[in-house]
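Enquirer: Here the sequence shown stands for residues 1 to 123, numbered as in this note's numbering.
Structure in structure tokens, see below.
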Amino acid sequence: MPIYPPTSFLLDGVTYEFEHPERAGPVEDVRSWEIDQQPKVHAQIPLKDGGKIAVYAHATHWNRTQIGVQWYDDDKDSLTAWIPKEDVRPVTNSEWDIDEYNRCPEWLRVIQWGKRLPGFLPW
């Protein structure tokens, strides 16, 4: 029995059905970032209803027209999609930190951030 990739994900308590865009172009054109060098990005994921939802993700691969992104939903499921380059932008470490803070359960925030405000990273 084949295992199909998920076509829905839970984000901020809302379930989204997404298109799960596939890679376009020859596989020979695909390049990848090393695991510890994958850039943090803000990606617009296309939804089945025609809209888009923004997620914070890691860029894992790229070709001439697309960027492969990987992100986690509220259930900690790993999801991937190939997104047009124009729908992906790099984020700062501060933006990433704020997103992690917002997604962290409130009772754990004091452990991870202590008295530090999200987005204000230690030097």
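By construction, the Cβ of each residue, glycine as well, lies at the ideal position given by its N, Cα and C atoms.
1. Restricting to Cα atoms, I'd like to know which of K52, Y56 and A43 is closest to M66.
2. Just to check my reading of the structure: K40 and H58 have Cβ atoms closer than 8 Å, yes? What is that Cβ distance to the nearest angstrom?
3. Helix, strand or coil, according to DSSP, for Q136 in the structure here?
4. Output the distance between the C-alpha atoms of D97 and G114, rounded to the nearest integer angstrom.
5. Which residues mark the beginning and the end of the alpha helix (DSSP H) in which V110 is found?
6. Buried or exposed for I45, going by 16 or more other Cβ atoms inside 10 Å?
7. Taking the alpha carbon of G51 as the reference point, which residue from W71, D36, W82 and E19 has its own alpha carbon closest?
8. To which residues does DSSP link R89 through a beta bridge?
9. Taking just the CA atoms, how far does I111 sit from H61?
10. To the nearest angstrom, how far is the alpha carbon of R116 from that of P122?
11. Going by beta carbon distance, what residues of the same chain come within less than 7 Å of S32, once the five residues before and after it are set aside?
12. Tell me the residue span of the beta strand (DSSP E) that contains P212.
Expert: The structure says:
1. Taking the first residue of the sequence shown as 1, we reach residue 66 at position 66. Checking the displayed sequence, the identity of residue 66 turns out to be Gln instead of Met. Looking at the Cα atoms, A43 is the closest of the given residues.
2. Stepping through the sequence shown from its first residue, residue 40 is reached at position 40. Stepping through the sequence shown from its first residue, residue 58 is reached at position 58. That pair is a contact at about 6 Å.
3. Past the boundaries of the shown model lies residue 136; the chain is included only from 1 to 123, so the question cannot be answered.
4. Here residue 97 is taken as the residue at index 97 of the sequence shown, counted from 1. Here residue 114 is taken as the residue at index 114 of the sequence shown, counted from 1. Near 13 Å, if we compare the C-alpha coordinates of G114 and D97.
5. The count along the sequence shown starts at 1 and reaches residue 110 at position 110. Unbroken alpha helix (DSSP H) run through V110: E106 to W113.
6. Locating residue 45 in the sequence shown gives position 45, counting from the first residue. With 16 or more Cβ atoms within 10 Å of its Cβ, I45 is classed as buried.
7. As a working mapping, residue 51 is identified with position 51 in the sequence shown. Selected option, being the one with the closest Cα: E19.
8. Residue mapping note: residue 89 aligns to position 89 of the sequence shown, counting from 1. R89 is bridged to H42.
9. The count along the sequence shown starts at 1 and reaches residue 61 at position 61. The count along the sequence shown starts at 1 and reaches residue 111 at position 111. In a straight line, the C-alpha of H61 is about 33 Å away from that of I111.
10. Start at 1 with the first residue of the sequence shown, and residue 116 comes out as number 116. Start at 1 with the first residue of the sequence shown, and residue 122 comes out as number 122. Approximately 8 Å between the Cα atoms of the pair.
11. Along the sequence shown, read from residue 1 onward, the residue named residue 32 stands at position 32. So the list reads T60 and H61, once near-sequence residues are dropped.
12. Coverage of the chain is limited to positions 1 through 123, which leaves residue 212 absent and any answer about it impossible.
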